[in-house]
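A.B. asks: Please see the structure below; I have some questions.
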Amino acid sequence: MAKDFILPDIGEGIVECEVVEWLVQEGDTVSEDQPICDVMTDKALVQIPAVHDGIISKLYYQKGEIAKVHAPLFAMDVTGDSTSNEAVEEPVLAENQTNNNASDVVEDFILPDIGEGIVECEIVDWLVAEGDEIEEDQAVCDVMTDKALVQIPAKYTGTVQKLYYQKGEIAKVHSPLFQMTIAGSAVKPNVDINQAVVKAQTNAVAEKVAPVETQQAAKVINQKAVASPAVRRKARELDVDLTCVPGSGKNGRIYKQDIEEFVKGEVPNTIDTSPLNSDVSQSAVQNQTQNQSGGVRVEQIKGIKAAMAKQMVASVSTIPHFTFSDEIDLTQLIALRSSLKEQYKAQGVKLTMMPFFVKALSLAMKEYPVLNSKVNDDCSELTYYNDHNIGIAVDSKIGLLVPNIKSCQSKSIVDVANDLTRLTHSAREGRVAPDDLKGGTISISNIGAIGGTIATPIINKPEVAIVALGKLQHLPRFDESGHVVSKAIMQVSWSGDHRVIDGGTIARFNNLWKSYLENPSAMMMAMS
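Those letters in the sequence shown? Residues 179 to 706, by the working numbering.
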């Protein structure tokens, strides 16, 4: 039986692509992972591989035509999955006579591209189980790449037939992640539909009869409830406040059974020790084991931490770093920000000090464009960028992430503040969009928010510079009259790529950046 190959997501925001060249013809025998065609998006040339062994039965597009993402690209007879037409035709015909809207169609969900250069990811948590009914756009699982935690949604409404990976296993991009029967055009095999309807009606009645008085007296136990869209929908149906529901999943994630237990008043007081236990219970078990045995614990380095380790080693081993430190008097800037803070807070803008640092950095880079460049691996070419995509290092719960604010040169301080709030919130939750992690040209590390004054930051390769901000201190300094006064002082530490930036350049650049921060009126006049 011919099976359609659905064109997967081939890039953030990509909805269509041009078929540049077919590498096979109808009737050709192909093997798994064999290139089938080249397609051109508005970002790159992408090669589409086969996900099964089989024979190409139909090509849906001609060379030069536009193919749609999530639409069939070609059809193939999968090896080991074919059945004689005589054996299939009669049951399908009989079925169509009784129900024109139903046919046995089971489809694999192909794991799409979830980030530039990402070829695999770890299954962090399945949010559904085999046999569960799911809806379009419902979250199916959480996966961890070497850049971020990503939630994979369903493309169709239907029933989950098979999960191809266990929690903790590594899934490959462009390979099947799970299998499902599509609702409206598919029937789950060997299942009595009437039984399923009766079961669903019984569950619905049980949920409506269940007492909800316990919610009224419940206390808020989690300010930010972690739950999938399906769980939130169930909570709305039962009029349950998720902030009052204890979650049994990792990091307090709330599942459907947690809502059911909460409504029934059967919330356990003891710590759950199941595989879905919280970080707190894991820590308690680990501490207890250590206290009893005094042994060691081995933890695998993976995900964001593994990616950071590789990136830092590559940066330090290939880039000759040099450090330049200075201090900045932020007294006037703090006064300006304090006078504006409440005004913009009323407008929903969180005006911190960081937007001023970002905008001043962008203004200084207009005069020193070498700070906004990237060098190739053999240091034979230097690429200058017009857009100032300034990255902000964020200490998230899954590790260090560096999302970047795009095109800072054309944004106001308020625009930068809004982007910064969005990116920081997403990064701390570990759910940064892939596009927000790509294309950075220079980075800022606000280590002073935690503590410390001087640092030696590691350059985010292939960028050529990074600055670390120290903590703000009120220190004695001499004014123009020679009197000792209190000043708001911050130490800053630059690391530069000595292959393309010398000490004089970084010093002059820092002086310009510093002048904008110490004299905000000069920064305002420089903004165009």
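C-beta: ideal position from N, C-alpha, C; glycine also.
What you are looking at is a predicted structure, and each value in this text was computed from that prediction instead of being measured.
(1) Using the Cα positions of residue 254 and residue 297, report the straight-line distance between them to the nearest angstrom.
(2) Pop quiz: residue 615 and residue 654 are said to be a contact at Cβ under 8 Å. What is the actual Cβ separation, rounded to whole angstroms?
(3) Whether or not the region 622-634 and the region 595-606 are in contact is what I'm after, with contact meaning three or more pairs of Cβ atoms, one per stretch, closer than 8 Å; do they touch?
(4) Once DSSP output is grouped into helix, strand and coil, what is the label at residue 666?
(5) Could you tell me the boundaries of the alpha helix (DSSP H) in which residue 685 lies?
(6) Skipping 5 residues on each side, what residues in its chain have a beta carbon closer than 8 Å to that of residue 671?
(7) Of all the options 537, 243 and 416, which has the alpha carbon lying nearest to the alpha carbon of residue 700?
(8) Taking 6 Å as the limit between beta carbons, can you name the residues of its chain near residue 257, skipping five residues before and five after?
(9) Among the candidates 285, 211 and 431, whose CA atom is the shortest distance from the CA of residue 350?
(10) Can you tell me whether residue 571 is buried or exposed, with buried defined as 16 or more other CB within 10 angstroms of its CB?
(11) Using C-beta distances below 8 Å, list every residue in its chain close to residue 562, excluding the 5 sequence neighbours before and after it, in chain order.
(12) How is the beta strand (DSSP E) around residue 322 delimited, first residue to last?
(13) Determine the extent of the beta strand (DSSP E) in which residue 492 is found, giving its start and end residues.
(14) State the DSSP-derived secondary structure class of residue 573, mapped to helix, strand or coil.
(15) So is residue 213 buried or exposed if we call it buried at 16+ other beta carbons inside 10 Å?
(16) Let me know the secondary structure DSSP gives residue 427 once reduced to three states.
(17) Using a Cβ-Cβ cutoff of less than 6 Å, which residues in the same chain neighbour residue 708 once the five nearest sequence positions on both sides are dropped?
(18) At the level of alpha carbons, what is the spacing between residue 331 and residue 287?
(19) Can you tell me whether DSSP reads residue 422 as helix, strand or coil?
(20) So is residue 431 buried or exposed if we call it buried at 16+ other beta carbons inside 10 Å?
(21) Within its chain, find whatever has a CB closer than 7 Å to the CB of residue 336; leave out the 5 residues flanking it on each side and keep chain order.
(22) Nearest-angstrom Cα distance between residue 304 and residue 345?
(23) Taking only three categories from DSSP, how would you classify residue 550?
(24) Drop a sphere of 10 angstroms on the beta-carbon of residue 668, count the other beta-carbons inside from all chains shown, and report buried for 16 or more, exposed for fewer.
(25) Helix, strand or coil for residue 599? Go by DSSP, reduced to three states.
(26) Should residue 185 be labelled buried (16 or more other beta-carbon atoms within 10 Å of its own) or exposed?
(27) State buried or exposed for residue 285, treating a residue as buried only when at least 16 other CB atoms are found within 10 Å of its CB.
(28) Out of 195, 575 and 585, which one is the CA nearest neighbour of residue 249?
(29) So residue 172 packs on residue 491, CB below 8 Å; how close in whole Å?
(30) How about the region 510-527 and the region 573-588: do they share at least three Cβ pairs that are nearer than 8 Å?
(31) So, under 8 Å CB-CB, residue 355 and residue 342 are touching, yes? Tell me the CB distance rounded to an integer number of Å.
(32) Considering only the beta carbon of each residue, do residue 690 and residue 508 sit closer than 9 Å?
C.D. replies: Taking the definition as stated:
(1) Going by the C-alpha atoms only, they are around 24 Å apart.
(2) Contact between residue 615 and residue 654 does not hold, since the beta-carbon distance rounds to 42 Å and is not under 8 Å.
(3) no
(4) strand
(5) Taken as a continuous stretch (DSSP letters only), the alpha helix (DSSP H) holding residue 685 covers 681-696.
(6) 501, 502, 503, 632, 633, 634, 635, 645, 646 and 648
(7) Ranking the options by Cα distance to residue 700, first place goes to 537.
(8) 231 and 232
(9) 211
(10) buried
(11) The beta carbon of residue 562 sits closer than 8 Å to the beta carbons of 547, 548, 550 and 551 from its chain, once the five residues preceding and following it are set aside; these are given in chain order.
(12) 317-322
(13) Residue 492 -> not in any beta strand (DSSP E); alpha helix (DSSP H) instead, spanning 482-496.
(14) The answer is strand: DSSP assigns residue 573 an E or B state.
(15) exposed
(16) coil
(17) In this structure the chain extends from 179 to 706, so residue 708 is not present and cannot be described.
(18) Here the alpha carbons of residue 287 and residue 331 stand approximately 10 Å from one another.
(19) helix
(20) buried
(21) 312, 358, 359, 360, 361 and 364
(22) 7 Å
(23) helix
(24) buried
(25) Residue state, collapsed to three classes: helix.
(26) buried
(27) buried
(28) 195
(29) Beyond the ends of the chain as shown, which are 179 and 706, falls residue 172; an answer cannot be given.
(30) no
(31) 6 Å
(32) no
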